[in-house]
Amino acid sequence: MENIIVFGASGQLGQCLEKAAWQKKITSVVFPSKKEANILDNEALARLFQQYKPAFAINCAAYTAVDKAEDDAELARKINKTGVQNLALQCKAHGATLVHVSTDFVFEGNNPLPLGEDAATNPTSIYGLTKLEGEQDIIAILPKHYILRTSWLYSEYGNNFVKTMLKLGSERDELKIIADQVGTPTYAIDLANAILDIISSGKENYGVYHYSNEGVTSWYDFAKGIFDVAGTNVKLYPIRTAEYPTKATRPAFSVMDKAKFKKTFGLEVPYWRDSLITCIKALEINTINKP
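Shown next as structure tokens:
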């Protein structure tokens with residue numbers, strides 16, 4: 001396989017890509033440090049592209065603090081729009097294909113039907129808006145791109161809902177969890193495998209794709225699933241979004257249709273609860289193996 005550079009290598013998805021590449025015995029993937037691969041530093045980017053001459057760049061770098069972005073729009077836009085624009089321009093100059101990870105937050109989420117790639121975008125948060133702007137810049141600059149929108153990402157790495165729930169479950173007897181936001185959790189290892197499978201397919205079906213695990217659930221039911229699988233006894237109470245106000249508005253319904261991805265690449269998508277079991281087992285093994 002030709003050279004691949006991963007941007008945002010130290011983040012959750014970047015670490016999952018490193019694990020997935022190791023499992024698939026792909027040795028041509030480079031995971032540079034944040035300083036080496038700063039998407040806001042054009043000179044550093046140019047050096048990196050000249051050094052490795054990648055056929056593919058995978059962009060996992062993003063400003064993802066959804067509520068904080070409401071007060072920090074300038075930095076969110078720099079990373080999610082300007083940085084992405086920089087990457088797209090470097091890919092164009094060096095003939096590389098860009099695989100960019102986006103989000104369900106580009107949708108308003110007010111229609112209870114699975115969202116196709118052509119569904120109208122209408123972000124209700126700065127995070128969602130800046131991620132959409134990044135998508136638009138890629139499309140305008142670089143024909144050779146894959147944009148993968150995903151949702152509710154979690155894994156054994158980084159900070160995420162699964163790890164937060166497990167921590168809170170060990171500290172508290174009861175929790176209140178939002179039950180009127182519906183979507184699909186995505187195991188970041190599954191997304192990492194999907195990205196590498198797209199690259200190794202050799203297909204050039206560029207464009208926007210949706211990828212999350214299969215199935216539909218609420219945050220409340222996701223939490224219930226986490227505690228059931230982990231064997232943690234916590235009393236859960238479902239609440240409405242209005243009872244837990246946040247600075248940024250979340251999509252109420254962001255279930256994405258994966259038909260285009262499955263048909264184009266001939267790949268199966270795991271069911272969310274099956275992947276959750278895999279993740280929690282991995283977390284338990286990691287805990288046992290800690291010195």
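Heads up, the sequence shown is in the UniProt record's numbering, so the first residue is 1 and it goes up one at a time.
Positions of the beta carbon are idealized from the N, C-alpha and C atoms, including for glycine.
Going by C-alpha positions, Ala230 is about 29 Å away from Leu196. With a contact defined as Cβ atoms closer than 8 Å, Asn193 and Ala20 qualify at about 5 Å. With respect to the C-alpha of Lys163, the residue from Ala120, Leu129, Ile138 and Gly225 having the closest C-alpha is Gly225. At a cut-off of 3 residues, the continuous stretches assigned as beta strand (DSSP E) that sit fully inside the segment 206 to 234 are 207 to 210. Across the set Thr124, Val106, Gly128 and Ser125, the C-alpha of Val106 shows the shortest separation from the C-alpha of Asp118.
Membership of Ala140 in the alpha helix (DSSP H) is indicated by the continuous run Ile126 to Ile141. Leu113 counts as exposed, since fewer than 16 other beta carbons sit within 10 angstroms of its beta carbon. The continuous stretches of beta strand (DSSP E) do not include Ala252, and DSSP gives it neither H nor E. In the same chain as Phe222, and ignoring 5 residues on each side of it, the C-beta atoms closer than 6 Å to its own belong to Pro185, in chain order.
Contact between the segment 261 to 279 and the segment 136 to 143 is absent, with fewer than three C-beta pairs closer than 8 Å.
Burial is judged here by how many other beta carbons sit within 10 angstroms of a residue's own beta carbon; Tyr237 has fewer than 16 and is exposed. Non-local C-beta neighbours of Leu129 in its own chain, meaning closer than 6 Å and more than five positions away in sequence, comprise Pro123, ordered along the chain. Taking 8 Å as the cut-off, the beta carbon of Leu132 is found no closer than this to the beta carbon of Val101. For Thr64, the secondary structure class from DSSP, reduced to helix, strand or coil, is coil.
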